[in-house]
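Number of protein chains: 2
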Amino acid sequence: MATLVTIKSSPIEDAEALQKAFKDAEALHKSVQGWGTDEKSVITILGHRNVYQRQQIRKSYQETYQEDLLKRLESELSGDFERAVYRWMLEPADRDAVLANVAIKDGNKGHVIIEIVSVLSPEEVLAMRRAYHNRYKHSLEEDVAAHTTGHLRQLLVGLVTSFRYGGDEINPKLAKTEADILHESIKEKKGNPEEAIRILTTRSKTQLLATFNRYRDDHGISITKKLLDNASDDFHKALHTAIRCINDHKKYYEKVLRGALKRVGTDEDGLTRVVVTRAEKDLKDIKEVYYKRNSVHLEDAVAKEISGDYKKFILTLLGK
Amino acid sequence: MATLVTIKSSPIEDAEALQKAFKDAEALHKSVQGWGTDEKSVITILGHRNVYQRQQIRKSYQETYQEDLLKRLESELSGDFERAVYRWMLEPADRDAVLANVAIKDGNKGHVIIEIVSVLSPEEVLAMRRAYHNRYKHSLEEDVAAHTTGHLRQLLVGLVTSFRYGGDEINPKLAKTEADILHESIKEKKGNPEEAIRILTTRSKTQLLATFNRYRDDHGISITKKLLDNASDDFHKALHTAIRCINDHKKYYEKVLRGALKRVGTDEDGLTRVVVTRAEKDLKDIKEVYYKRNSVHLEDAVAKEISGDYKKFILTLLGK
C-alpha cells in the first residue's frame, strides 16, 4: 500500500526522486502507447506511489511528453477503474473538491459533502474550498446553498463554511447545556433545529465529542441511536450523518463500505471514495473496524464483489 | 503617513532594517523610562513606520529589553490615545480579530463585524479567522452564533464564514434573477429573507455588484436606498450595512467618519477604527470622498473635534 512518507530535502535524494518520477512517467507512457493499454503496469506503478510521487510523475510526464497524464489515462481507461485511477491521481484537496462537486450535481448525495467537511481538519477544509474556487470558479457554499433550502441548507452551508477551532480545551458546563439543547431539538422534532444546527456547525470537534458523551450519560442513549429513530426526512438524516462523522469517522467509513459491498450491484462510487481518500490516512484502522464488525477481511469482501482491473487496483490500494 | 512598502530582501537592506528597528526600539524604551512618558516621540516614531517595521520594532524591543512593547505602551498611555496606538501596533489580521471580539462583547456593534468581513478580501477574512482562533481559542462564528438568533444570526454567521470566490466572472442572467429575489425580499418585508441571506453571503463580490446594478436598472432605485426605507429592525439594518460595505466600502467609511465626527462627544472608537485599519490601504481615497461630501478636509474636521496626544496621533496617521 502506498503510504505517506516524509519527504527529505537533501539534494541527492531530490535528484533520485526526480529520476524515479521520470522513469515512472516513461514506463506509463509505454503502457498507454499503441494498441490497447497495459493496465497491469498502470496499477503496479501508480498503486505503489505516494501522493508526492504521483504529483512528480504527472509533472515529469507533462514535461517529457507535453501531455497531461491524467487526460491520457482518462481516454485510455474506462468505467470504475478509470474513475478510481483519476481520483487517486488528484491532490487530496482537489480530489475532495471534485467529490463535493459531483455530489452537488447528483441531488441525492448530500451525505458525501457532509462526510468530506466533517471528517477533514479545519485547515484541510479551507484547502479544499480553495481548490473548489480554482476548479469551478464558484465557492462551494454558493453551489450548496443554491441547491438546497430551509434547515437542510442551513446545516449543509454551516458545515461547509465552518472553520472550527482545532484546540483541545473542553467546556464541561457548555457540554451539558448543549447536550440538553440537542436532546430537546431531536425529541419528537419539537425543539428548535436552529440551535442544533448552531451547535453542530460551530463548536470544535473536541467540544462536540464532550457534548455527545454528556448526551449519553444524561439521556441513557447515544445521540446517533436516538437520531436514527427520527431520521426519516432529509434534514434529520443529514444531522445523523454529520454527528456520526464527527463522533467516529472510522466507524462511519466502515458502514459506508459495508453498505457499498452489501448492495445488489455494489456501490462502486462509495467503495472507491473511501479507499482512495483514506488509503494514505487511516485505511488500516478502517480495515480493522471492518473485520471486527463483519468477521470478514475487507480485502476478501471486496474481492468477491468486484472484478477486473478495478478489482486489482482497489486491492492494491488496500495493500493486498 | 505610513504606507505599505514592498520589502526588498537583499541582505544589506535586511541588516539596515534590523538596525533601524533596533534604534527605534531604543528610542521608544527611552521615551517610556522614568517619570512620565514622552508621548511625542512615541507618535513620531510609530506613526511613521509601516506594518512590517512596527512588527520588527516590537520584536527588537522584546529581544533587547525582555518586555512586550505593546504591554508597556498599554500601561504608559491611556484613553483613546492608548487604544489607537495599541490597535495600530497589531498585525492587521490580529487587529481585525480584536475588533470583532470587542464588537461581539458589546451587543450593539454587529455592524463592525459586518464591516470587517464584508470589506476584507476572502483570503484576508480567513487570516482574520485564524488570528481569532489563536487569540480567543474559539472560532469567530461560534461566538457570533452564540450571541444572536434567527435571521440576524443567519446573516451574520453567513457573512463571517463565507469564503467568496474572488474572480471577475459575472453571470448576467443570475444578476437579473437575484436582483428580483432581493427586491421581493426587501419589499414590505414580505419576501423570503433566507434567499436574500443566501445571495448576500455566498455570491462573489463582483457578481453582487452586477446584481446591485441590475436592481437599480430594473427597479428605478438603488438597493441601499430602498433598504433604508425598511431598515427599522436589526436584521434589515445589518442587511443594509452588508450591502453598503460590498457595494462601495469607501463611501461606507466616509459615512462612518462623518457620523463619528458629527456626534455630540465624537465616536472615537469609530474614528480610530477607520483611520487605523485603512491608513495603509485606501485612507487617501476615503479622505477625498470625505472632502467631496462635506466640503471640509477630514484632517480639519478631526482637528476640531478631538484633542491632545490622541489628536496628534490620528493626524499623523492622516498624513498631516
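Sequence lines, in order, name chains B and G. Every position in the first sequence, counted from 1, becomes a number in my numbering once 69 is added. Every position in the second sequence, counted from 1, becomes a number in my numbering once 69 is added. Positions of the beta carbon are idealized from the N, C-alpha and C atoms, including for glycine. These figures come from a predicted structure and were not determined experimentally.
Using the beta-carbon of each residue, which ones in chain B are nearer than 8 Å to Thr271 (chain G)? Ser208, Glu210, Glu211, Ala214, Ala215 and Val226
Among G:Lys140, G:Ser187, G:Lys89 and G:Leu146, whose alpha-carbon lies nearest the alpha-carbon of Asn316 (chain G)? G:Ser187
Any idea what DSSP makes of Met70 (chain G), helix, strand or coil? Reliability of the predicted coordinates at Met70 (chain G) is poor, the pLDDT of 41 falling under 50, and no value is obtained from them.
What would DSSP say about Ser79 (chain G), mapped onto helix, strand or coil? coil
Given that a residue counts as buried once 16 or more other Cβ atoms are within 10 Å of its Cβ, and exposed if not, what is Ser376 (chain B)? exposed
Return the Cβ separation of His288 (chain G) and Leu296 (chain G) in integer angstroms, given the expectation that the two are a contact with Cβ distance under 8 Å. At roughly 12 Å, the Cβ-Cβ gap does not stay under 8 Å, so His288 (chain G) and Leu296 (chain G) are not in contact.
Rounded to a whole number of angstroms, what is the C-alpha to C-alpha distance between Glu211 (chain G) and Arg272 (chain B)? 6 Å
Taking 9 Å as the threshold (C-beta atoms), are Asp149 (chain B) and Tyr379 (chain B) in contact? yes
Buried or exposed: Leu87 (chain G), going by 16 or more other Cβ atoms within 10 Å of its Cβ? exposed
What does a CB cutoff of less than 6 Å around Leu340 (chain B) pick up in its chain, not counting 5 residues either side in sequence? Ala329
Buried/exposed call for Ile81 (chain G), threshold 16 Cβ in 10 Å: exposed
Same chain, Cβ closer than 6 Å to Leu387 (chain B), five either side skipped, listed in chain order: Glu368
From the beta carbon of Leu195 (chain B), is the nearest beta carbon of chain G less than 9 Å away? yes
Within 10 angstroms of its Cβ, does Pro262 (chain G) collect 16 or more other Cβ (buried), or is it exposed? buried
List in chain order: all unbroken alpha helix (DSSP H) runs of 4+ residues lying wholly within the stretch 294–382 of chain G. 303–316, 318–331, 337–347, 352–363 and 367–374
Could you tell me whether any Cβ in chain B is nearer than 9 Å to the Cβ of Glu238 (chain G)? yes
In the stretch 228–280 of chain B, which residue ranges form an unbroken alpha helix (DSSP H) of at least 4 residues, counting only runs that do not cross its ends? 241–255 and 262–271
Which same chain residues, not among the five before or five after Ala196 (chain G), have their C-beta less than 6 Å away from its C-beta? Ala162
Coil, strand or helix - Glu160 (chain G) by DSSP: coil
Are there 16 or more other CB atoms within 10 angstroms of the CB of Lys381 (chain B), so buried, or fewer, so exposed? buried
Cα-Cα separation between Lys109 (chain G) and Glu264 (chain B), rounded to whole angstroms: 52 Å
As an exercise, report each continuous beta strand (DSSP E) stretch of at least 3 residues that is fully enclosed by the stretch 145–189 of chain G, in chain order. none
Local conformation of Thr217 (chain B) per DSSP, three classes: coil
Just confirm the distance between the C-beta atoms of Leu209 (chain G) and Ala169 (chain G), as a whole number of angstroms; I'd bet it's less than 8 Å. 6 Å
6 Å CB neighbourhood of Ile182 (chain B) in its chain, flanking five on each side removed: Ala169 and Ala172
Between Val344 (chain B) and Val325 (chain G), what straight-line distance do the alpha-carbon atoms span, to the nearest angstrom? 54 Å
Hey, quick one: how far does the alpha helix (DSSP H) through His117 (chain G) stretch, first residue to last? Careful: His117 (chain G) lies outside any alpha helix (DSSP H) and carries neither H nor E.
Does chain B have any CB closer than 9 Å to the CB of Lys283 (chain G)? In the sequence under discussion, the amino acid at residue 283 (chain G) is Arg, which differs from the Lys named in the question. With 9 Å as the cut-off, Arg283 (chain G) does not count as an interface residue toward chain B.
Delimiting residues of the alpha helix (DSSP H) encompassing Gln193 (chain G): Contrary to the premise, residue 193 (chain G) reads as Glu rather than Gln in this sequence. That run of the alpha helix (DSSP H) goes Pro191 to Tyr205.
Proximal chain B residues relative to His220 (chain G), where beta-carbon distance stays under 8 Å: Going along chain B, no residue has its Cβ under 8 Å from His220 (chain G), so there is no contact; the nearest lies around 10 Å.
For Leu73 (chain B), decide whether its Cβ has a neighbour in chain G, counting only Cβ atoms nearer than 9 Å. Its pLDDT being 45, under 50, Leu73 (chain B) is placed unreliably by the model, and nothing is read from it.
When the Cα of Lys350 (chain B) is compared with those of B:Leu97, B:Arg141, B:Leu189 and B:Lys128, which residue comes out closest? B:Leu189
Beta-carbon within less than 8 Å of Gln131 (chain G)'s beta-carbon, same chain only, minus the 5 sequence neighbours each way: which residues are those? Asp137 and Leu138
For His202 (chain G), count neighbouring C-beta atoms within 10 Å of its own C-beta (all shown protein chains included) and say buried if the count is 16 or more, exposed if not. buried
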